[in-house]
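Just below is one structure, and these are the notes that go with it.
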Amino acid sequence: MNNNLSHQKQDRRSFLRKAGASVALGSLGVLSFPYTKLSARSFDESKLGVALVGLGYYAKHKLAVGLEVTEFCQLKGIVTGTPSKIPDWKSKYNLEDKNIYNYQNFDSIADNPDIDIVYVVLPNSMHADFVIRAAQAGKHVICEKPFDINAKRSAEAVEACAKAGKLLQIGYRCQYDPNHQEIMRIGREKELGALKEIRSSHSFFGVHGDNWRYTDRSLAGGGPLMDVGVYSINAARYSTGLEPVAVWAKTYNTYPNRMDGMEETIVFTLEFPDGTLANCSSSYAARANFLHISAEKGNYGLEPCFGYSGATGYKGEDKIDLPIHNQQAAQMDAFARNILDGTPVIASGEDGLKDMIVIDALYKSAKKGGKRIAIG
Ligand code: NAD
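Take a look at the structure:
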């Protein structure tokens, strides 16, 4: 670890401990809600402890792997409904029994000073409930995308975190990737002039799968829009730095007896207040992974854009190909720094909630046959 950062972190941590963060950070004017003191712990003092809730694909193959290379946080606990998974996780990550929970006894995590951050990686409709429980247990929270299955539940979770004085991050790993940050910069600085049209799709051929995503509307809340289309919404918003004022959507299903009550494909448009249009699609019966932006003086974008193996792209004739070691680690370390330094969260709960408001409006439009739905 960079020595300066390490010392800075240790100093910040002991400062928080000694002073009581609500007074210290409040006086810096960084946070607008009460902040709670970090407690004493029994492990690597320089890192915050993370507990993963839900040990499925993403937790096992991406987040736990990312946590092996994080500088400011480390895996210290798990929360699972499947006891047979425990031995492997315990031995691989050297977890203590007292840091292993199930969904029923999860709330007692409140008494565990080893855990600073709870990371919710469950099926979509379980997100808000666990975010609220984690915040009420006095933990900072990371919640996977989509925030939940509608804006109402997401707003309740934002409110619960604010009330508990806890930070909340949505797992939008792309926002911590320098290639996406370059896209944000070009748009915000209008380097190629005003944006005119955004095109984006995130799609994969999953329609025949048996995971809850494709089979259980009560858990998924919808089809690919909830799962991967949300990346295009988020990207259109962070590319423009604006909030859409209206949306249109149409949904399509071509495989009978699949995607029960959920879309297989959705095509949708977001209209921004400066007239920029984002024309997007998301499908479980197609393959696409891009963000292309037309501005007055030229085009730029990323393709591949949203995948785990990284984003690369172009700005006119130039390449965009900035190095990043591990998106998940970058995202989690940034959140740990927010906690340690009292800085604002980039992919905040409010950001996730704004995407859910757009998703609610898109489904409303699709239900009305593609009618324009105004937002706000
Ligand atoms: P998964 O099906 O592999 O894992 C889900 C986990 O939840 C499993 O451990 C399962 O046992 C547990 N679970 C608890 N109650 C359940 C229930 N009633 N039904 C089914 N499973 C239940 O899913 P995943 O791919 O790991 O996705 C989990 C979350 O992470 C989703 O919200 C998804 O959108 C998100 N995700 C994000 C990214 C990203 O790049 N940020 C990538 C993949 C998944």
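According to my numbering, the stretch in the sequence shown is residues 1004 to 1379, in order. Cβ atoms here follow ideal geometry from the backbone N, Cα and C, with glycine treated the same way.
Residues bridged to residue i (per DSSP)
i, result
"residue 1077", "1052"
"residue 1251", "1272"
"residue 1317", "1304 and 1322"
"residue 1121", "1054 and 1144"
"residue 1385", "As displayed, the chain neither begins before 1004 nor continues past 1379, which places residue 1385 out of reach and without an answer."
"residue 1351", "1172"
Where residue i sits in the DSSP three-state scheme
i, result
"residue 1242", "helix"
"residue 1282", "strand"
"residue 1082", "strand"
"residue 1365", "helix"
"residue 1152", "coil"
"residue 1186", "helix"
"residue 1104", "strand"
"residue 1135", "helix"
"residue 1206", "strand"
"residue 1288", "coil"
"residue 1044", "Summary for residue 1044: the model assigns pLDDT 43, below 50, so the residue's position carries little reliability; its value from the coordinates is reported in the next sentence. Coil, per DSSP."
"residue 1378", "coil"
"residue 1193", "coil"
"residue 1157", "helix"
"residue 1266", "coil"
Selected residue, minimal CA-CA separation from residue i, among the options
i, options, result
"residue 1357", "1331, 1143, 1110 and 1238", "1238"
"residue 1185", "1326, 1058 and 1376", "1326"
"residue 1370", "1270, 1291, 1288 and 1070", "1270"
"residue 1056", "1129, 1197 and 1242", "1129"
"residue 1102", "1095, 1052 and 1059", "1052"
"residue 1317", "1297, 1328 and 1329", "1297"
"residue 1083", "1125, 1137, 1162 and 1158", "1125"
"residue 1290", "1219, 1074 and 1227", "1227"
"residue 1346", "1337, 1158 and 1194", "1337"
"residue 1136", "1153, 1149 and 1167", "1167"
"residue 1123", "1275, 1060, 1097 and 1295", "1060"
Whole-angstrom C-beta distance between residue j and residue i, which should lie under 8 Å
i, j, result
"residue 1361", "residue 1273", "7 Å"
"residue 1195", "residue 1322", "Contact doesn't hold; Cβ gap of about 15 Å is too wide."
Any non-hydrogen atom of the ligand NAD closer than 8 Å to residue i Cβ
i, result
"residue 1188", "no"
"residue 1211", "no"
"residue 1176", "yes"
"residue 1124", "yes"
"residue 1083", "yes"
"residue 1113", "no"
"residue 1098", "no"
"residue 1274", "no"
"residue 1092", "no"
"residue 1149", "yes"
"residue 1061", "yes"
"residue 1127", "yes"
"residue 1311", "yes"
"residue 1219", "yes"
"residue 1182", "no"
"residue 1388", "Since the first residue shown for the chain is 1004 and the last is 1379, residue 1388 is missing from the structure and cannot be characterised."
"residue 1228", "no"
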